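Notes for the one structure printed next.
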Amino acid sequence: MLKKFFKKVVTPILRLPFLPARFFYFGFNGRVAIEPTNACNLKCRLCPTWQHMKRERGMMSLANFKKIIDENEDIFKRLNMIFAGEPLLNQDIWPMVKYAENKGIEVLLSSNTTLFSDKNIEELFASGLSLLIVCLDGATKEVHEQYRQGSDFDRVKDNIAKICRMKKEKGLKKPYIILQFLVMKQNEHQIDQIINLAKQLGVDALSLKTISLGSFVDLDEKIKLAKENLPQKTQYSRFELKGDILQDKSKPKICSWMRQSLILYNGDVSLCCYDDDGALVVGNVFANGGFKKVLKSEKYRQYRKMAIQKKFKICQRCNHSAETARTIIFNPLLENK
Numbered sequence: 001m002l003k004k005f006f007k008k009v010v011t012p013i014l015r016l017p018f019l020p021a022r023f024f025y026f027g028f029n030g031r032v033a034i035e036p037t038n039a040c041n042l043k044c045r046l047c048p049t050w051q052h053m054k055r056e057r058g059m060m061s062l063a064n065f066k067k068i069i070d071e072n073e074d075i076f077k078r079l080n081m082i083f084a085g086e087p088l089l090n091q092d093i094w095p096m097v098k099y100a101e102n103k104g105i106e107v108l109l110s111s112n113t114t115l116f117s118d119k120n121i122e123e124l125f126a127s128g129l130s131l132l133i134v135c136l137d138g139a140t141k142e143v144h145e146q147y148r149q150g151s152d153f154d155r156v157k158d159n160i161a162k163i164c165r166m167k168k169e170k171g172l173k174k175p176y177i178i179l180q181f182l183v184m185k186q187n188e189h190q191i192d193q194i195i196n197l198a199k200q201l202g203v204d205a206l207s208l209k210t211i212s213l214g215s216f217v218d219l220d221e222k223i224k225l226a227k228e229n230l231p232q233k234t235q236y237s238r239f240e241l242k243g244d245i246l247q248d249k250s251k252p253k254i255c256s257w258m259r260q261s262l263i264l265y266n267g268d269v270s271l272c273c274y275d276d277d278g279a280l281v282v283g284n285v286f287a288n289g290g291f292k293k294v295l296k297s298e299k300y301r302q303y304r305k306m307a308i309q310k311k312f313k314i315c316q317r318c319n320h321s322a323e324t325a326r327t328i329i330f331n332p333l334l335e336n337k
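Set out below in structure tokens:
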């Protein structure tokens, strides 16, 4: 009942153009993404990082990361350590994770899993990481490497198996390990194979994730990408393609990112998890008095209002509210996590 009321009554009210910006302070739910780096060692076919991103590449320093955590440990509950790059390219990634986890902040990290070695696998376990997402987009070398250009299927598979085996040998409950499989036309025939492979590797869960066609392209390009990549099995798609008509399966609702935040490697704060180029930056945690001050700023509220009312192109093209993944659980997540 509450969801229906919010959808039919509250959402339309929030989209009224005359509401003042101060009305759009929803607080902060404790979830934040911090970008360790926006550099990546792969060129995945649908990824904007190497195709469209104009931001200068860089790394967040350990000192700056600690400063952010120290100033916000009372409000940060869950931290996602990825955005536009491969986090393991930042040499300080495991000290960062350990620092946040030691402050009682649950850390999630996603990796293309190409850069793991015996040394940093040990560092992974020592860091206390809560959740690790590892990525395989094919059950065979040919299919995986067709999408993840520059990856090595055998190395990735071996790294995943080694991480899972060592976790079991050490008797550890963390990290919870999820294998992510992006379902697309080129690999949907391998869903049964990837389920079996995930079980063999020993991961805790398998996420069959739908692909995004990008908030950075116009409609014609999006239709082209849809024809090339959307799976035939519509339950694994955020879209329906009928001829040259592309229908978004997103449901009208207030974006969850209105109560979350993204901090880029240079300290810029953005509204959106799709804002690869930092177009919706509302302040900087180092230049504008810290994250809490940025969060309560008039500019942040004004941008939230504009986002909810879909004034930004990135919001008009967004499909974030569609179902993004179907997860198969092999080992239930611990209740206390």
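With UniProt numbering, letter number 335 in the sequence shown gets 335, and the count goes up by one each step, no holes. Just so you know, even glycine gets a beta-carbon here, dropped at the ideal spot from N, CA and C. Only a predicted model underlies this, so the values are computations on that prediction, with no experimental measurement involved.
- Look at TYR274 here: in three-state DSSP terms it is coil, with no helix or strand label.
- Comparing alpha carbon positions, the residue from CYS164, SER297, ASP70 and GLY202 closest to ASN102 is ASP70.
- Between LEU109 and LEU129 a beta carbon distance of about 6 Å is seen, short of the 8 Å cut, so the two are scored as contacting.
- For LEU225, the three-state secondary structure derived from DSSP is helix.
- Excluding the 5 residues flanking it on each side, GLU86 has same chain C-beta neighbours closer than 6 Å at CYS40, ASN41 and ASN112, in chain order.
- Taking a 10 Å sphere around the C-beta of ALA63, we find fewer than 16 other C-beta atoms and assign the residue as exposed.
- THR49: member of the alpha helix (DSSP H) spanning 48 to 51, first to last residue.
- Rounded to the nearest angstrom, the gap between the Cα atoms of ASP268 and GLN302 is 17 Å.
- Residues ARG78 and SER130 of the same chain have their beta carbon placed closer than 6 Å to that of GLU106, with the five preceding and five following residues left out of the count.
- In the pairwise beta carbon analysis, the stretch 185 to 203 is classified as touching the stretch 131 to 141: at least three pairs are separated by under 8 Å.
- Within the same chain, ASN266, GLY267, ASP268, VAL269 and VAL294 come within 8 Å of ASN284 by CB-CB distance, once the 5 residues on both sides are set aside.
- In this chain, the beta strand (DSSP E) harbouring PHE239 covers 239 to 242.
- Here DSSP, grouped into helix, strand and coil, assigns ILE245 to strand.
- When DSSP states are grouped into helix, strand and coil, GLN302 belongs to the helix group.
- For GLY30, same chain residues with a beta-carbon under 8 Å away, outside a window of 5 residues either side, are ILE75, PHE76, LYS77 and ARG78 in chain order.
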